[in-house]
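Protein chains in written order, with our numbering: chain A, 10 to 422; chain B, 103 to 269; chain C, 164 to 320; chain D, 62 to 480. The beta-carbon is built from N, C-alpha and C at its ideal position, and this holds for glycine as well. The structure appears below as structure tokens.
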Amino acid sequence: MGQTIVEKIISHNVGRKVKPGDIVTVKADYVMLDDIMMPFIVSKFNEMGFSKVWDPTKVVIICDHMVPASQTDDIRAYHISCDFASKQGITNLHTSDGICHQLMTEAGYVKPGHVVFGTDSHTTTYGSVGAFSTGIGYTEMAAILGTGEVWMRVPSTIKININGTLAPNVMSKDVILKIIGDLTAAGATYKSLEFCGDTIDSMSQSSRTTMANMAIEAGAKCAVFTPDTKTALYCDIELDDFQSSLVGDEDAVYETVLNYKAEDFVPVMAVPSNVDHIVPISELKGIKVNQVFLGSCTNGRLEDLMEAAAILNGKHVAPYVKLIVTPASRKIYMEAMENGTINVLSKAGAIITHPSCGLCCGRTGGILTDDEVVVATNNRNFLGRMGTSKVKIYLASPKSAAATALAGVITEA
Amino acid sequence: MTSFEGRVWLMGDDIDTDIIMPTEYLVYKTIDEMKPYAFSPLRPELAGKIADGDIIVAGNNFGCGSSREQAPEVVKALGIKCVIAKSFARIFFRNAINNGLLLIENADLYDAMVKANAEGKTIKVTVNENIEFDGKTYPIVSLPDNLVEIINAGGLVKAMRKRNGID
Amino acid sequence: MGKIFRFYKDVDTDQIIASQYLLFPTIDEMKEHTFESLDPEFATSVKPGDYVVADENFGCGSSREQAPSVLKALGVKAVVAKSFARIFYRNSINIGLPVIICKDLYDNVNAGDEMELNMEQGTITVGDKTFTCTSLPENLQKILDQGGLIASLNKED
Amino acid sequence: MGMTIAEKIIARAAGKETVKAGDIHTVTLDLLMSNDGTSHLTVDKYNALKNPRIADVNKLVWIVDHNLPCDSVKTAASHKKMRDFAIEKGIRFYEGEGVCHQVMLEKHVLPGQLIFGADSHTCAYGALGAFGTGVGNTDYLYAMVTGTSWVLVPETIRINLTGNLPKGVYARDLILTIIGKISANGANYKAMEFGGEGLKNIDMAGRISICNLCVEAGAKTALMAVDDVARAFLKDNNRDGDIVESDVFDADSDATYAQVIDIDLSTVKPIVAKPHFVDNVCDAKDVAGIKIDEAFLGSCNNGRIEDLRVGAAIIKGKKVAPNVRFLVVPASRTVYEQALSEGLLATFMEAGAIVMNPNCSVCWGACQGVIGEGETLISTGTRNFKGRAGHRESFVYLASAATVTASAIKGEIATEDMV
């Protein structure tokens, strides 16, 4: 009997053929620890009685939520991160290079077929290169640091098949938002999402990353894409036999198969305050906005900045509307400087911050107050995430966000 | 079988981790410092009212959102004996078990309590068997063995301490 | 009579009220952080009618009017120093907080001493000692008498 | 009897032929700048007036720069109050364009103007021959409502500069030297007037840096005569046509000064101001080797293109020391875009620096970039008061762009020649 992609990855990891529902113990190829959780991870690690991490080369520590710090106590996490890295001989330490989920693939850690855990729910992101990756809590991370392994249940898979050509004003963000709306916020809980079809094949690596990143918003344990030549190029590898085999088999058993026609997708937004509350922008037109946020591990990549810049080129954001741009990584920021994108965005009035989680994690980067409206390209619009509980957050694609910034009201690109 | 009674706080569907523990307070040094802000975006007064032994009954997808383990820790620290929901988000479920916070899935209790507007009423929970509310019994399923092992050890930290020969 | 809270030379506005509180919506929300880094107990122990006494150059630094405002909001009756920084001095007069220059007081009193200020006579009494302080220039006295600059604006109407 | 530049500007603004130090005059203000540090309080007080009104809305400039992007809900509420008021009244409003003083100098300040700013470093405008002074928000409100205010004509301290700064020594070192010499209240209530042949050798960025920091000696304002360098700056900003020639003042040769200080620029050395006072200065070499956690290149004092060029030239091809945070914050959008086009931002990024959007950053200690308990910062910012940069138990050293950059590379205080 055939296997889904995630079943193949886990089988490869444990050395035997697995099926959904099996409880297995997997070995981590990489773990990702972010600054905001480091104080807790280290304290649990010590409390558990460990003294050495199982393999320092497989541990990546990334300061991204609180760099530069906006509150004096934030620095504690920075020092705990640096000190733990130094004490444990962990050289994979990034103190100001960008957002963890961007760096895990960009900096060359995660490769197709890997099994990766991170102390952040958007760890599902690395499925875009054909890895199994999922978010866990800090207690569990402490245990993995000590042992290198963890138990998990092999998830069943929902196959999402998309074929056709997307309209020019539709981005992969619109696609994943629509799918989350259809699945609902809990619709994929414990499950793996497997994306395929010719629309996916023709998507850029960056666009796929946006979709994998947001799988958690439907509750999914992971999301996986078949690694192809674009993936190999991005990961700077040649796919080996195992990596090339990461395709859902014809006779694999899927929990559900959802078929979409690319032509049916339209620009949408997730409206306050649920990610699965999806409304076409045509029905939202005219809502006044105070701020637009372009960034995050969901949509802070070069492609996203360039799409926004194409819309903003030679124009200026609406009066009294703030456009905050936070590139996802140092590399992306520098590439966007190099190719003129940053200049276009700045000339259009954007406030461009250092790469970090920024506003998405709600600690800095453009906090808002009662009755203000923000259109944002990140992954969550939960109540109170970007300020008071009376802030209204709409999630959108970079194109829609840019068009909205120009108009000052919600607008389709 | 263990059984206990507790006063119920009713919450809706999709109670996310930003509601349970907003990001702003995540870097506080201790869970105790975070406690007063639990559920604050939705019900700012709630944390002050919750007493030891209370029970949360909620709808679908409780704990969705981020992987922040402060969420179940804070719920436990508030004195909540268990959370009963129609369903739980995956990471929250795992984090709760790892911290020894009891979670029970039940599809019908929530609807019945909402219908009866029963916040503040007392229910009786018999672990791995059933829940009693208003004269009716709601059966619950047992947890898988591997999770029972972690809970029996008193959470993952204790399990690891045992493994490392400390306790 | 009021109690003396004694501070040293060059007390800057960041010590009176630190930057991170300046954008709080109201002075009342800021005032509990007054002198937070120099004397964390100050805001809770100062009583209406008490005095702040300091050495040279009190209130140097920024133009933040929040500095005299939090002192006034806490009920500080006057600040007595050997000298004041310019903007702080002007801001205090403008909001109606008496700022008194007295060269001798600081070196002859201790924190916690009880003192009495007589602004008309220009004298300060601490126990059996009396100190002379300089009176305000006429135009400033006028502003203070009117109850601050805002009151003078309202009077014009 | 001759007049100083400060006296001439006040005379003009008061409609008098002559004024002298010690006089109190009612003056008409030319510009009124306010930023997000206090504007929300000004709005509250305005709304509480019996008959609220604005004398001349065209003279008002409001700028959000201290906490941007906003990082707390309370700040967001204060920003909203300020922004909504500016929109309602039609006040010229900038948010995201840079640090207030830099924006003012680029877009608004002209020679001979008398300007109130609700920020102490408003004295920076003296670099363009304008009398800028910091006021509190009640003073500001009074001027906003009436268009006027009272000023005490200050005595002037004249600083005559000769010669040239040695290589590796900057205007920043000069002004720290002067503040160390006259102390933190050495110019209290006074104007500081800079002149002499040596001034011609100091570029615009250096002049702004000098005037900006005079408040740290207690000065009411700082002034320089308008020359070709100042005119060129206005021309670069397309504002040379706005100069009112009759308002371009220089001091009379028989003007009266409270004090005259002569400085030979060639004797100035790299200087560092140690915690916790700006006048606590020493030779940079004397504190070399002190370990730092963060370095900051930016602010209204040293965030200009010239400063970024100095920093970039030093760090090019080198790296920021491990675990040290090097914040580079251009003072305005104009500076940011210039640095972008010259490749300076790329140089800093390549070296591992954190390039932030133009704002006040750690100079004001309540914005992104703050330092934690026990940490040490070396900064081109304006102040090193206790707790100024974040945690109350932290340490701030002030220095030039060159010294700050060199320190970021070494991970400890160092001068340009040590890296």
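Buried/exposed call for residue i, threshold 16 Cβ in 10 Å
| i | result |
| --- | --- |
| residue 38 of chain A | buried |
| residue 242 of chain A | exposed |
| residue 381 of chain A | buried |
| residue 266 of chain A | exposed |
| residue 417 of chain D | buried |
| residue 219 of chain B | exposed |
| residue 115 of chain A | buried |
| residue 130 of chain A | buried |
| residue 171 of chain C | exposed |
| residue 328 of chain A | exposed |
| residue 146 of chain B | exposed |
| residue 236 of chain A | buried |
| residue 25 of chain A | exposed |
| residue 19 of chain A | buried |
For residue j and residue i, the rounded distance between their alpha carbons
| i | j | result |
| --- | --- | --- |
| residue 220 of chain A | residue 240 of chain A | 15 Å |
| residue 374 of chain D | residue 379 of chain A | 45 Å |
| residue 264 of chain C | residue 283 of chain C | 14 Å |
| residue 100 of chain A | residue 70 of chain A | 9 Å |
| residue 132 of chain D | residue 259 of chain D | 44 Å |
| residue 178 of chain A | residue 454 of chain D | 52 Å |
| residue 332 of chain D | residue 326 of chain D | 13 Å |
| residue 234 of chain C | residue 253 of chain C | 15 Å |
| residue 94 of chain D | residue 170 of chain D | 10 Å |
| residue 161 of chain A | residue 27 of chain A | 12 Å |
| residue 93 of chain A | residue 150 of chain A | 14 Å |
| residue 183 of chain D | residue 259 of chain B | 57 Å |
| residue 202 of chain B | residue 256 of chain B | 6 Å |
| residue 374 of chain A | residue 362 of chain A | 8 Å |
| residue 238 of chain C | residue 313 of chain C | 19 Å |
Rounded distance between the beta-carbons of residue j and residue i, thought under 8 Å
| i | j | result |
| --- | --- | --- |
| residue 182 of chain A | residue 386 of chain A | 7 Å |
| residue 448 of chain D | residue 424 of chain D | With a Cβ gap of about 13 Å, residue 448 of chain D and residue 424 of chain D do not count as contacting. |
| residue 139 of chain A | residue 255 of chain A | 5 Å |
| residue 107 of chain A | residue 364 of chain A | 4 Å |
| residue 129 of chain B | residue 45 of chain A | 7 Å |
| residue 262 of chain C | residue 289 of chain C | Actually they do not touch by this definition, with Cβ atoms about 18 Å apart. |
| residue 415 of chain A | residue 320 of chain A | 7 Å |
Proximal residues of chain D, C-beta to C-beta of residue i below 8 Å
| i | result |
| --- | --- |
| residue 321 of chain A | Near residue 321 of chain A there are no residues of chain D at all, since even the closest Cβ is about 14 Å away, more than 8 Å. |
| residue 387 of chain A | Neighbours of residue 387 of chain A on chain D: none; closest Cβ ~14 Å, over 8 Å. |
Contacts that residue i makes with chain C (C-beta to C-beta distance below 8 Å)
| i | result |
| --- | --- |
| residue 453 of chain D | 181, 199 and 200 |
Option in the options with minimal Cα separation from residue i
| i | options | result |
| --- | --- | --- |
| residue 169 of chain B | A:27, A:86 and A:146 | A:146 |
| residue 195 of chain B | B:212, B:177, B:211 and B:181 | B:177 |
| residue 296 of chain A | A:410, A:59, A:398 and A:350 | A:410 |
| residue 234 of chain D | D:244, D:213, D:246 and D:271 | D:271 |
| residue 88 of chain D | D:207, D:291 and D:185 | D:207 |
| residue 74 of chain A | A:90, A:62 and A:67 | A:90 |
Neighbouring residues, chain D, relative to residue i (Cβ below 7 Å)
| i | result |
| --- | --- |
| residue 362 of chain A | 130, 417 and 418 |
| residue 342 of chain A | 410 |
| residue 316 of chain C | 110, 203 and 206 |
7 Å Cβ cut-off: residues of chain B touching residue i
| i | result |
| --- | --- |
| residue 230 of chain A | 192 |
| residue 424 of chain A | Only positions 10 to 422 of chain A appear in this structure, which leaves residue 424 of chain A out of reach. |
Within chain A, the residues that residue i reaches when beta carbons sit closer than 7 Å
| i | result |
| --- | --- |
| residue 133 of chain D | 376 |
| residue 167 of chain B | 130, 389 and 391 |
Residue i: contacting residues in chain C (beta-carbon distance under 9 Å)
| i | result |
| --- | --- |
| residue 427 of chain D | 181, 182, 183, 184, 185 and 186 |
Under 7 Å by beta carbon: chain G residues contacting residue i
| i | result |
| --- | --- |
| residue 226 of chain C | Considering every chain present, this structure includes no chain G. Its protein chains are A, B, C and D. |
Under 9 Å from the C-beta of residue i: neighbouring residues of chain A
| i | result |
| --- | --- |
| residue 244 of chain B | Result: empty, since nearest Cβ-Cβ is about 15 Å, beyond 9 Å. |
Within chain D, the residues that residue i reaches when beta carbons sit closer than 9 Å
| i | result |
| --- | --- |
| residue 401 of chain A | Those within 9 Å of residue 401 of chain A in chain D number zero; the least Cβ separation is about 14 Å. |
| residue 381 of chain A | 137 and 141 |
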